[in-house]
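Numbering (the numbering used here), first residue to last: 31 to 277.
Every residue gets a Cβ at the ideal spot worked out from N, C-alpha and C, and that includes glycine.
In this text the structure is predicted, and so the values were computed from the model without any measurement.
To start, the structure under review is shown below, and the notes come after it.
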Amino acid sequence: MRRKIIAGNWKMNKTPSEAVALINELKPLVETQDADVVFCVPAISLIPALEAAKGSNIEIGAQNMYFEESGAYTGEIAPNMLTEVGVKYVIIGHSERREYFAETDETVNKKVLKAFEHGITPIICCGESLTQREQGVTIDFVRQQVKIAFLGVTKEQAKTAVIAYEPIWAIGTGKVATTDQAEEVCRAIRQCIAEIYDDETANEIRIQYGGSVSAASAKELFSQANIDGGLVGGASLKTDFGKIVNY
Ligand code: 13P
């Protein structure tokens, strides 16, 4: 039985003091033994967030990380900077990073390998645009993203990875994918992992759905056979996140 994982992606929201206040507000609401709960906060808030989350069930994750160890990469954050302060998860290849910051399947793969090298669990994002869905290439497209993201990743590493299926047209639009649409793609992703590795790996890897998840839609989505939780944007900044975690 896979353990659910509900992660909040705060994106570029909340100053460090606001982050601490929000964690203190949400802490009692997201308490659960039944799922992993992760708050992925902006880099500048990682340390205060870790401090604020101490003693609770909340894990803190980053939203990005570079694939080199150190050096002349102005503005980037190295993996050992994250591990030294206690960051356990990192979102890799979010569609916003692909769209606005030129991330590609190849850089996603490099970052995934680097995260594993440092013992950080990557939350690897994939998902199609509205055009791709209308063209009928959703599954092909997502399979390609997944296959490239996992190049060189060992079976033991893959078992611990988290994949977030986030259809781009459902992000921040209030237009949540139907349960069937979300389950269909998450099932195809699991099948793809079975083809790359084996059934055992496919059964262990956790696959989230993301895109306008709300307190109203969480229960049905997360009850699907192949959906192991969610990556939540807007609703993770509100008390609604407590309802989503305890769906
Ligand atoms: P929303 O939940 O705001 O649609 O964002 C989804 C997302 O991009 C999470 O990574």
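Item	Value
Is it the case that the Cβ atoms of VAL183 and ILE150 are separated by a distance below 8 Å?	no
Is it the case that the CB of GLU129 approaches a heavy atom of the ligand 13P more closely than 7 Å?	no
For GLY130, does the three-state DSSP call read helix, strand or coil?	As written in the sequence, residue 130 is Tyr, which differs from the Gly given in the question. TYR130: helix per DSSP, three-state reduction.
Using 10 angstroms around the beta-carbon of THR231, count the other beta-carbons present and answer buried if the total reaches 16, otherwise exposed.	buried
For the alpha helix (DSSP H) that contains GLU114, what are its first and last residues?	109 to 115
Roughly how many whole angstroms lie between the Cα atoms of ALA248 and LEU160?	22 Å
How about CYS216 and VAL176: are their beta carbons less than 8 Å apart?	no
Have a look at ALA212 and ALA83 and give me their C-alpha separation to the nearest angstrom.	31 Å
Using C-beta distances below 8 Å, list every residue in its chain close to GLU61, excluding the 5 sequence neighbours before and after it, in chain order.	SER86, ASN87
Less than 8 Å between the CB atoms is what I'm expecting for MET95 and LYS141, so what's the real figure, rounded?	6 Å
May I ask which residues mark the beginning and end of the alpha helix (DSSP H) holding THR190?	185 to 190
Counting contacts by CB-CB distance shorter than 8 Å, is GLU55 in contact with chain B?	Given the protein chain composition of this structure (a single chain), no chain B is represented.
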